[in-house]
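Structure first, then comments.
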Amino acid sequence: MTVSLTHISQATDRFDEEHVFDSDQRSLHYLKTLCGRLGILPSYFTIEKASLEKIEEWPRSNGYFADVYRGRYGSTEVAFKVFRIFYGKPLYQLKRDFCSEAIIWKRLKHDNVLPFLGISTTLFPLCMISPWMFHGSVVEYLEENPSADKPKLLKEIATGIEYLHTKRLVHGDLKGSNILVGKDRSARLADFGLATLAYTSPTLQTATSRSGGTIRWMAPELFQSEQDRDSSRPSFKSDIYALGMVMYEIFTGKLPFFELHHDIAVMGEILHAARPTKPLQLEFSETYWRIMNTCWDSDAVRRPTISNFLTYLNPPSTDDVDSSGMDIPSFLEFSSYVVSMPSRPFSHLLRQLWPSY
Numbered sequence: 001m002t003v004s005l006t007h008i009s010q011a012t013d014r015f016d017e018e019h020v021f022d023s024d025q026r027s028l029h030y031l032k033t034l035c036g037r038l039g040i041l042p043s044y045f046t047i048e049k050a051s052l053e054k055i056e057e058w059p060r061s062n063g064y065f066a067d068v069y070r071g072r073y074g075s076t077e078v079a080f081k082v083f084r085i086f087y088g089k090p091l092y093q094l095k096r097d098f099c100s101e102a103i104i105w106k107r108l109k110h111d112n113v114l115p116f117l118g119i120s121t122t123l124f125p126l127c128m129i130s131p132w133m134f135h136g137s138v139v140e141y142l143e144e145n146p147s148a149d150k151p152k153l154l155k156e157i158a159t160g161i162e163y164l165h166t167k168r169l170v171h172g173d174l175k176g177s178n179i180l181v182g183k184d185r186s187a188r189l190a191d192f193g194l195a196t197l198a199y200t201s202p203t204l205q206t207a208t209s210r211s212g213g214t215i216r217w218m219a220p221e222l223f224q225s226e227q228d229r230d231s232s233r234p235s236f237k238s239d240i241y242a243l244g245m246v247m248y249e250i251f252t253g254k255l256p257f258f259e260l261h262h263d264i265a266v267m268g269e270i271l272h273a274a275r276p277t278k279p280l281q282l283e284f285s286e287t288y289w290r291i292m293n294t295c296w297d298s299d300a301v302r303r304p305t306i307s308n309f310l311t312y313l314n315p316p317s318t319d320d321v322d323s324s325g326m327d328i329p330s331f332l333e334f335s336s337y338v339v340s341m342p343s344r345p346f347s348h349l350l351r352q353l354w355p356s357y
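First residue of the sequence shown? That's 1 in full-length UniProt numbering, and the numbers climb one at a time after it.
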């Protein structure tokens, strides 16, 4: 079976890169499904243990599903993303998730996407290997370098998303901590554990399966009930919503809904059409705030495509665009559909129930 899978994957790799996610998307989907169900990957994904070295005993970062260690692959500094094995979670489910992410990630090759080097099941039970990103996440980088070129970083992030969407991939978990900055100070998208192949839909391009996400960055339609399956799946438009939240992180240095400490409260605010608080004094152009709000539109269809987003992302002047004479793109001309900040009945209710909230 390993030989058979290897032949299938090698045949898929031989397709011109422009067609792998287009005309041959079905083959990629079958390969992803097959590897996930069997819990195995083609042999050439594996890097031999003799080539790998863990240079620090403790992980540099911890996530819910994985820890990241610093190491070496030959003379190259690398990151080991080590999947956590939970008591009570069937091992086959963990292997399925591991294999699905590896199949997708391996085929992504772009300057603004973190490269995939391979896997190891000997140095650690389940480990993915990528180049070490010396500046950490974009959030950590901006904390250390507050005067960094934020518009440049945002454009790099959006360019990476455009690449994914061109390949008909939904990232599904965009947030500041999943965007890394390398030695060259360029941004790269990472963490493709929730990335899914999209199928053609008249309006949204939704993913083939429902995935999770992180509440502060999740679009309101993702909280819909399972009965409304098309709306509750991650989509290109829910990626755009999350990109608006990443934009907020980059330009304000704060988490979306930073005033709220509990995710259930954030969920309530999102469902009541609230959006992140506008800073009293903007340290960035008003146009950027308009772009964020357009990304956060409650109607997913009215959010811009990633191409729209990039078209109008050229850094505006520090003055308001209207007063500078710059043309306002039609999708930024707000009228009655701009989401205003409503009262916070959900938050007030929580404070009544839990005074410490």
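No residue lacks a Cβ here, since even glycine has one placed at the ideal position from N, Cα and C.
Boundaries of the beta strand (DSSP E) around Ala66: Ala66 to Tyr73.
Its chain contains Ser130 and Pro131 as the residues whose beta carbon lies nearer than 7 Å to that of Pro115, once the 5 sequence neighbours on both sides are disregarded; these appear in chain order. The beta carbon of Pro125 lies closer than 7 Å to those of Ile85 in the same chain, with the five residues before and after it left out. The beta carbon of Cys35 is closer than 6 Å to those of Leu41, Cys99 and Ile103 in its chain, skipping five residues each way along the sequence. In the three-state DSSP reduction, Phe284 falls in the coil class, being neither helix nor strand. By the neighbour-count criterion, in which 16 or more other beta carbons inside 10 Å mark a residue as buried, Arg216 falls on the buried side.
Check the Cα spacing between Met133 and each of Val82, Arg107, Arg60 and Leu108: the tightest is with Arg60.
Within 10 angstroms of the beta-carbon of Glu101 lie 16 or more other beta-carbons, which makes it buried. In this structure, the beta-carbon distance from Asp67 to Lys81 falls below 9 Å. Separation of Asn62 and Leu310 (C-alpha to C-alpha, rounded to the nearest whole angstrom) is 32 Å. Secondary structure remark: continuous alpha helix (DSSP H) runs of at least 4 residues inside the region 89-139, in chain order: 91-106.
Annotation for Gly39: Tyr92, Lys95, Arg96 and Cys99 place their beta carbon closer than 7 Å to its own, counting only its chain and skipping 5 residues before and after. Exposed is the label assigned to Asp111, since fewer than 16 other Cβ atoms lie within 10 Å of its Cβ. Per DSSP, Leu52 is one residue of the beta strand (DSSP E) stretching across Leu52 to Lys54. Ile179: member of the beta strand (DSSP E) spanning Ile179 to Val181, first to last residue. Taking a C-beta distance under 9 Å as the contact criterion, Gly71 and Leu142 do not qualify as a contact pair. Per DSSP, Glu249 is one residue of the alpha helix (DSSP H) stretching across Phe236 to Thr252. DSSP, reduced to helix, strand and coil, places Phe86 outside both helices and strands of the structure shown, so it counts as coil. Per DSSP, the continuous alpha helix (DSSP H) segment holding Ala158 begins and ends at Lys150 to Thr166. Per the DSSP secondary-structure output, Val170 pairs in a beta bridge with Thr196. In this structure the region 266-273 does not touch the region 160-170; the number of beta carbon pairs closer than 8 Å is below three. A Cβ-Cβ separation of about 6 Å places Pro234 in contact with Thr196 under the 8 Å criterion. Within its own chain, the residues whose Cβ lies closer than 7 Å to the Cβ of Phe257, once the five positions on either side in sequence are excluded, are Arg216, Val266, Glu269 and Pro276, listed in chain order. Cβ contact annotation for Ser177 (same chain, cutoff 7 Å, sequence separation greater than five): Ser137 and Val139, in chain order.
Secondary-structure assignment with DSSP links Ala187 through a beta bridge to Val181.
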